[in-house]
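Undergrad: My questions will all concern the structure given below.
Protein chains: 2
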Amino acid sequence: MARWVYSFGGGTADGAADMKKLLGGKGANLGEMAKLGLPVPPGFTITTEVCTHYYARGKTYPDQLQSEVAVALAAVENLVGRGFGDPDRPLLVSVRSGAPVSMPGMMDTVLNLGLNSTTVEGLAKGSGDRRFAFDSYRRFIQMFGDVVLEVDHYLFEEALEDMKREREARFDTDLSAADLEELVEQFKTIVQEQTGKPFPETPQDQLWAAIGAVFSSWMTPRAVTYRRLHDISAEMGTAVTVQAMVFGNMGQDCATGVAFTRNPSTGENAYYGEFLVNAQGEDVVAGIRTPQPLTRKMGEEGGNDLPPMEEVLPQSYAELVTLFQKLEGHYRDMQDIEFTIEQGKLYVLQTRTGKRTAQAALKIAVEMANDGLLSREEAVLRVDPASLDQLLHPTLDPKAEKTILTKGLPASPGAVSGKVVFSADMAERRAAASEQVILVRIETSPDDIHGMHAAQGILTSRGGMTSHAAVVARGMGKACVCGAGDLLIDYESRCFYVRGTRVAEGDVITVDGGTGTVMLGRIPTVEPQLSGEFAMLMGWADSMRSLKVRTNAETPLDARTARRFGAEGIGLCRTEHMFFQDDRILAMREMILAEDGPGRTRALSKILPMQRRDFVELFTIMQGLPVTIRLLDPPLHEFLPHEPHEITEVAAAAGVEPKFVKRRLAELTEANPMLGLRGCRLGVLFPEIYEMQARAIFEAAVAVYEKSGETIIPEVMIPLVGMARELELIKNKVEAMAAQVMQESGRELTYLIGTMIELPRAALQASAIASHAAFFSFGTNDLTQMTLGLSRDDSGKFMERYIQDGIFPADPFQTLDQEGVGELIRIAKERGRATRPELKLGICGEHGGDPASVGFCHRIGLDYVSCSPYRVPIARLAAAQAAVRERMN
Amino acid sequence: MARWVYSFGGGTADGAADMKKLLGGKGANLGEMAKLGLPVPPGFTITTEVCTHYYARGKTYPDQLQSEVAVALAAVENLVGRGFGDPDRPLLVSVRSGAPVSMPGMMDTVLNLGLNSTTVEGLAKGSGDRRFAFDSYRRFIQMFGDVVLEVDHYLFEEALEDMKREREARFDTDLSAADLEELVEQFKTIVQEQTGKPFPETPQDQLWAAIGAVFSSWMTPRAVTYRRLHDISAEMGTAVTVQAMVFGNMGQDCATGVAFTRNPSTGENAYYGEFLVNAQGEDVVAGIRTPQPLTRKMGEEGGNDLPPMEEVLPQSYAELVTLFQKLEGHYRDMQDIEFTIEQGKLYVLQTRTGKRTAQAALKIAVEMANDGLLSREEAVLRVDPASLDQLLHPTLDPKAEKTILTKGLPASPGAVSGKVVFSADMAERRAAASEQVILVRIETSPDDIHGMHAAQGILTSRGGMTSHAAVVARGMGKACVCGAGDLLIDYESRCFYVRGTRVAEGDVITVDGGTGTVMLGRIPTVEPQLSGEFAMLMGWADSMRSLKVRTNAETPLDARTARRFGAEGIGLCRTEHMFFQDDRILAMREMILAEDGPGRTRALSKILPMQRRDFVELFTIMQGLPVTIRLLDPPLHEFLPHEPHEITEVAAAAGVEPKFVKRRLAELTEANPMLGLRGCRLGVLFPEIYEMQARAIFEAAVAVYEKSGETIIPEVMIPLVGMARELELIKNKVEAMAAQVMQESGRELTYLIGTMIELPRAALQASAIASHAAFFSFGTNDLTQMTLGLSRDDSGKFMERYIQDGIFPADPFQTLDQEGVGELIRIAKERGRATRPELKLGICGEHGGDPASVGFCHRIGLDYVSCSPYRVPIARLAAAQAAVRERMN
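Residue numbers (this note's numbering), protein chains in the order written: chain A, 1405 to 2293; chain B, 1405 to 2293.
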């Protein structure tokens, strides 16, 4: 025979944590806690099978339910020493819904059920606080009226407001016990008027009405929609948990508080928490009374000299400490506990894994592993990779005062201050004079790179988390706040406005790229201290992961930073960034303005020695680790000036008429540059460019070998390949150049030629393309743009709305769209490896530093991910977690 | 024992057409012709197995080869009554390479082999033309020297030019026999100097050297590359064909000519051709002598009163007629025949399927089928669907004189004349005054639609075959020449220049969109006459095809045209074109400038009645056939003005400041509009727009039903869906609107909601999307752009180069990229139908009118294609051909 009711309390329980399906999440957890011997307020859970029965049998209950509930309720009465409906010592209960998966949209909770015109007097007497008793009663009627009787909650609120206006009360707390007693009567009248029936007086009627309301809420349209959207089966059903209410405000032997088993801010292994004598849980939060510390140590460190719990309630404190040990032993993690002491008796209302800072997470995980409480694998799983970001960048001094100007998107972490400048040139000029500057632009373009390099931080009024400014800033490890829409930038008068405040060039601001905050003036920051726990945990992680982690880097600074953070090579060196430097952009423009191949070759020959020097430097820093160099990718018009005075300048430098520059600019202008003449298409049309780059790479490899004896195996990457033939054509040219350099230098060279997979067609045709490629690097930024038909620069306008509406689970430029883009990566991997089993596979988009995306890359069997230097530790940890999770399954 | 040599001639042959692998294409065809009893000049073929042997055994020949060649050569001598090396009646031969598949990059042909200092005298005597004999000899040395001895052909050409300069000869023909005799000696000296050996004198040496050269040419780098690119195995080898030369210039009983078994221009079943007495084949082409007609009838009709062959050479003519009948009976198609009569003896040098006009192809196919020579299926296969385009549009009078200004791309067929105008407004103004105009623009944008409608034709200096101008013009059935790069358009002074010629506004030009030609002045045109054969063949085609053909149409004119051409519904009605009309664009702009939903709704309510009227008209024309309506697709900034004076105008009309319009324009401007805020993204952000459109559609369906009793089943198409949830959200809104209209009108409505598949992600996620879609229409234009990462508007610059370099086999915007885009369509079909087996599938891009792409759509099992009205017959025929081919396999 089925059993419909599961009891818990008094150090035992019928249910347990693994019975979520039958008891719902809440019921199972309460069972687990009780079974653990935790003093939870006793209660019982009506199973999800009753819900199923209810809907299968025309909204009726199983025959035995009533008697099982009666037995369970009697047990509760017995355990707490109160009676349901008892006028002197009334038992009050909470009634909650609880499905196997957490589900908003259903009836949540009714508290204080069991109050009526007689029991309220018992409560008043027991607590010695008539006001509290009637406030509890009016809250109960309001809550029950709203969620069980479906009376519009607005009516209750209005009555309360009217009462406050009459009594000239500012807060609810200004109303007296008598006022509340009167309000109770008004609320009962509202219920009578709205439902045509009096408010239920007997606790039994209240209880069954509440149980019925929970089951009915399973099929409300809101709940049905929610289930449909989240693929939850309606057959699952909900459980109902009925639990005794306990009160921390029944005298000086009562208290309520919140405790952590360790310090959630630093991770220190010391008890941590606050409590209030003779108070309700909400009083701790309300801030009317200052809570007292749990321990003497905590009081001293926090400057709180109120008597700590270990002195005030030593016995309850001792019980709590025993619980702490039991809980950490059981849950093997730092716990966050809500407790109440009712007349000397300790109750645990809730225990859950405590939230913590990144620093605390690291410390706790490492210490628990070192103490043998966790395995190292578990410790590695305990730290959120994304949170490491907090540890690597300087942060604002939390104690400093701040005048917040506005908020934008937290695009690249780090807190920096500097003088406002509005152009890249000005940024460079002031930086050269040793000033710290913040570059403020509506948005940035590749023309601004030198200014971004020179600035401490970047602030834009337009663009999303993956706009040019954001991506480049993250790549540089520069603080950046993007898309601060409140900013009205006036380039002409060199100032910006934020709702009335005017900030002029030269004024100092502080931007916090970790939170998106923009502040007036200089806010002091604190430098990150990488703890010994950090190194230890990362070491463990490295020993567990199989996925390699490389970095996206093209400057020596980036390359060195990435090496320091553990990068195992360069996965993406974007050569175009090297062309924007002052001494090269001129030659680059001369190349673009050239009429023919020889003209281009002449201009390129000026860039060759500089480009070779770049590679020599990178190869030297990377000490034989793999370096993947992407040949020129962006459309040529990105290198030409757009402002009239710049055009005149460039024309003069190139010895041509300005109108010629304008014509060339017009010729090169594109409706959709993302889909235009770029990537390997440049290599096909202007073979001289890639030939120069290939020469620079191979000559650099020879030079480094000759100097240091280090053998460099450059990986030459051809971007934007869509057709196998494109790759073949260019590969032939690069190979010819390698042969030529070998002949000229008399040195043997080993090198790989591969391609970026960033067009859907390339993924689909991976089999043909792999026959010409030694490696594939998935350029997931562009692959996402093409697969979703979504411009990274333009989608900021509606991305937020799309995430709100549940269309995107997350910004697909931050977290890989596994169903769409990921499917193409899977296809490319299978087809590519079918042609060439040893094909090396990696990704080099922004996603290489996103933990969820890194996990995906591990699962589908890529060889490496490549990400910006500051994300290397994140990727290392995420890769380890993916490997550990895989072994666990 | 292997046989190495296959003979042909004298009414018999060892080989036949099905022996291509052994004898190469040429050898097999000659064998077939000889076997058919055609009097081909006799000869023999050395098999491809000799080639294989040659390379397998260190470039040696099989033992028997020499003797087999000797036997075969003797047979040839016997058949033609001449001797190889005979000083009086010398046999001359041609030596040709011939692989099983045609392969440029190999040695092609050596003619007149067998000539030396003695046989040249025999040839001179036999022909009575010493000049001819020595000209043949010097040509032989030149050809043999170049392709067999690898002497730089430039040296021979230089010697010839020097001789002409000395003799003050303008043409080769101005040189005398003596000059040529001297030239022969010079040529021999060149060979001696370059090769260190004298030019081979004995015919046997010449023959074996030529045979060796053919086999060697199989492995030249050019041939190897060609094979690699075209996936041809090197093991295939090449054959060598040696064939007797025959001469039509050995007297008055000699002749040479070209004949067709039917009229290739009209298709009339009447012999057709030209010949010259005592002449060589090249004389017919050279145009020095006027050729004579084959028949009396032809002479009369063509106004050629020279005596026809049936009078001059009645016996040879009779033989030719017998051959004609034999050939058509055998090949079952109109043949194009080259013949030579040597001293009364008729030789057929070549017969092949004759090229013909579209009109002739139709007539021939239909008549042959009616005569039982072909099945109807075969007849349907005989007409190139693309050629039908020639029949549907007016064409230039071929007899008119033309001053050609320039050529551009043949973007949309039709030949039209009109006055040049440079703006859409001017086009409209002049058209309103009943003038015919040609709209000339650098490129067009949606702003120009009204001008394109008003103009007779469109000419642009920029943009490819699928630029905005081209696509819209084809959609409208307007003549259009695009990307005429020679045009320098000066909007300010209202004129354009073409290499010195200035054409001002108001000057008349003619554009021929079928050829891309632009001409000065008005050229008379001829209207197309759709023949009875057209209707008959299309009727047969319709009975054979399973793929439905719909049209892309949004104007009543287009819809009517398409119905006339046999469209079975509208596959794509682009509603945005309806918003550009003068009375609507204002309301549209007001909508875009509105601050909130209610503001947008107010503006849209002005458009609603007009939009409803549009649909009523379309539904009425389509008489219950399916009509697929795509909700608003383009980005909103396309509807805003960009010129300062227009901005002022719009601001005034909308009652706002110009700077507000500018700000909105700036907000809406996108880096990559193709990947921006458009399609269903508009529907998600501004639900009012789609709600208005849905209302217009449903109300129109009700109105048509109430008026005519016709039940309309509108197909509402949501564009640019990438995530199933987008479709779901919008579908809910459209369904709600349908319910509302049903309630308001009291009428039941049947309708379908589906989506365009135009993002790679949509194809990959077809399974999820299909759960919300009743149909998929593949938007192959955008799908191609996204899959290939290639902008239709920007790729024109390098498309030609890409096709030249063999990267694209064809412009992927014209012919579907089956490997990439086609793969996604296949995936979407499989996954979509797995979810919803009855899912309706079609395509509605430009590819719907491309025969190869239509074939693909049939093969993978789509339900329909949709194309511009003028392409409907093309798609119908192509669909029939695909079905017939499938049944044949």
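Every residue, glycine too, gets a C-beta built ideally from N, C-alpha and C.
(1) Roughly how many angstroms separate the alpha carbons of K1952(B) and G1943(B), rounded to a whole number?
(2) Should P2077(A) be flagged as near chain B, meaning a C-beta pair shorter than 9 Å?
(3) Going by C-alpha to C-alpha distance, which of Q2208(A), T2184(A), S2199(A) sits closest to F2260(A)?
(4) Among the residues of its own chain, which have a CB less than 6 Å from the CB of A2302(B), if the five just before and after it don't count?
(5) For L2124(B), go through chain A and note every residue whose CB falls closer than 9 Å to its CB, in chain order.
(6) Tell me, please, whether the CB atom of G2249(B) is closer than 9 Å to any CB atom in chain A?
(7) Let me know the secondary structure DSSP gives S1791(A) once reduced to three states.
(8) Extract the residue ranges of the alpha helix (DSSP H) inside the region 2002-2089 of chain B, only unbroken runs of 4 or more that lie entirely within it.
(9) If you run the structure through DSSP and keep just helix, strand and coil, what is Y1751(A)?
(10) Quick one, which of E1999(B), M1992(B), Q2169(B) has its alpha-carbon nearest T2239(B)'s?
(11) Cβ closer than 7 Å: which chain B residues qualify as neighbours of L2089(A)?
(12) Under 9 Å between C-beta atoms, does F2102(B) make it to chain A?
(13) Nearest to C1404(B) by alpha carbon, out of E2119(B), I1636(B), I2161(B), L1611(B)?
(14) Of all Cβ atoms in chain B, is any one closer than 9 Å to the Cβ of E2139(A)?
(15) Which runs of the beta strand (DSSP E) fall wholly inside the region 1733-1784 of chain B and span at least 3 residues, in chain order?
(16) Just curious, the beta strand (DSSP E) that E1586(A) is in, first and last residue?
(17) Give me whichever residues DSSP pairs with M1923(A) in a beta bridge.
(18) Between the region 2153-2169 of chain B and chain A, which residues of the former have a C-beta closer than 8 Å to a C-beta of the latter?
(19) Below 9 Å on C-beta distance, what does L1795(B) contact in chain A?
(20) Does the CB of Q2189(B) have a neighbour CB from chain A at under 9 Å?
(21) Is any beta-carbon of chain E found at less than 9 Å from that of S2257(A)?
(22) Using a Cβ-Cβ cutoff of 8 Å, what residues of the region 1476-1503 of chain B are near chain A? List them in chain order.
(23) How far does the beta strand (DSSP E) with D1894(A) in it extend, from its first residue to its last?
(24) Looking at C-alpha atoms only, which residue of H1557(B), Q1860(B), L1527(B) is the closest neighbour of F2294(B)?
(25) With 16 as the cutoff for other CB atoms within 10 Å, does L1633(B) come out buried or exposed?
(26) Output needed in chain order: residues of the region 2027-2058 of chain B with a Cβ under 7 Å from some Cβ in chain A.
(27) Candidates L2086(B), I1745(B), S1621(B), P2123(B): which alpha carbon is nearest V1484(B)'s?
(28) Give me, in chain order, the residues of the same chain whose beta-carbon lies closer than 7 Å to that of L1892(A); leave out the 5 immediate sequence neighbours on both sides.
(29) Alpha carbons only, please: which of R1736(A), A1573(A), T1921(A) is nearest the one belonging to R1666(A)?
(30) Thinking C-alpha only, which one of S2181(B), R2280(B), Y1675(B), C2271(B) is nearest A2232(B)?
(31) Is E1742(A) near T1757(A), with beta carbons less than 9 Å apart?
(32) Rounded to whole angstroms, how far is the Cβ of V1907(A) from the Cβ of V1820(A), which I believe are closer than 8 Å?
(33) Hey, K1430(A) and G1518(A) are a contact pair by Cβ (cut 8 Å); roughly how many whole angstroms apart?
(34) Does the Cβ of N1956(A) have 16 or more other Cβ atoms within 10 Å, making it buried, or fewer, making it exposed?
(35) Would you please verify whether the beta carbon of I2211(B) is less than 9 Å from any beta carbon of chain A?
(36) Three-state secondary structure (DSSP) at L1469(A)?
TA: With the structure as the only source:
(1) One C-alpha to the other measures close to 14 Å.
(2) Cβ-Cβ to chain B under 9 Å: yes for P2077(A).
(3) That would be T2184(A), whose Cα lies nearest to the Cα of F2260(A).
(4) The requested residue 2302(B) is not part of the displayed model; chain B covers only 1405 to 2293.
(5) Neighbours of L2124(B) across chain A, judged by C-beta separation under 9 Å: G2193.
(6) No, G2249(B) does not count as interfacial toward chain A.
(7) Per DSSP, reduced to three states, the secondary structure at S1791(A) is helical.
(8) For the region 2002-2089 of chain B, whole alpha helix (DSSP H) runs of length 4 or above, ordered along the chain, are 2048-2058, 2062-2072, 2084-2089.
(9) Taken through DSSP and simplified to helix, strand or coil, Y1751(A) comes out as strand.
(10) Cα-wise, what sits closest to T2239(B) is Q2169(B).
(11) The contacting residues are F2202, R2205.
(12) Answer no: the Cβ-Cβ gap between F2102(B) and chain A never drops below 9 Å.
(13) Since the displayed chain B opens at 1405 and closes at 2293, residue 1404(B) lies outside it and no answer follows.
(14) Judged by the 9 Å Cβ criterion, E2139(A) is not in contact with chain B.
(15) Listed in chain order, the complete beta strand (DSSP E) runs (minimum 3 residues) inside the region 1733-1784 of chain B are 1739-1746, 1749-1757.
(16) Element bounds for E1586(A): not the beta strand (DSSP E) but the alpha helix (DSSP H), 1581-1599.
(17) DSSP, once it has assigned bridges, lists I1808(A), T1914(A) as partnering M1923(A).
(18) If you check each beta-carbon in the region 2153-2169 of chain B against every beta-carbon of chain A, the ones closer than 8 Å belong to E2162, L2163, P2164, R2165, L2168, Q2169.
(19) The CB of L1795(B) never comes closer than 9 Å to any CB in chain A; the least such distance is about 35 Å.
(20) Contact with chain A is found for Q2189(B), since one of that chain's Cβ atoms lies less than 9 Å from the residue's Cβ.
(21) The structure shown contains no chain E; the protein chains it does contain are A and B.
(22) Within the region 1476-1503 of chain B, no residue has a Cβ that lies closer than 8 Å to any Cβ of chain A.
(23) It spans 1891-1894 - the beta strand (DSSP E) in which D1894(A) sits, taken as one unbroken run.
(24) Outside the displayed span of chain B (1405 to 2293) sits residue 2294(B), for which this structure offers no information.
(25) Exposed, by the Cβ-count rule.
(26) Within the region 2027-2058 of chain B, no residue qualifies.
(27) Selected option, being the one with the closest Cα: I1745(B).
(28) Only F1900, Y1901 meet the Cβ criterion.
(29) When C-alpha distances from R1666(A) are compared across R1736(A), A1573(A), T1921(A), the shortest belongs to R1736(A).
(30) Scanning S2181(B), R2280(B), Y1675(B), C2271(B) for the CA closest to the CA of A2232(B) turns up S2181(B).
(31) Cβ atoms of E1742(A) and T1757(A): not closer than 9 Å.
(32) With 8 Å as the limit, V1907(A) and V1820(A) do not qualify as a contact, their Cβ atoms being about 16 Å apart.
(33) Not really, about 19 Å apart at Cβ, beyond 8 Å.
(34) Label assigned to N1956(A): buried.
(35) Yes - at least one Cβ of chain A is within 9 Å of the one on I2211(B).
(36) In the structure shown, L1469(A) sits in a helix (DSSP, three-state: H, G or I).
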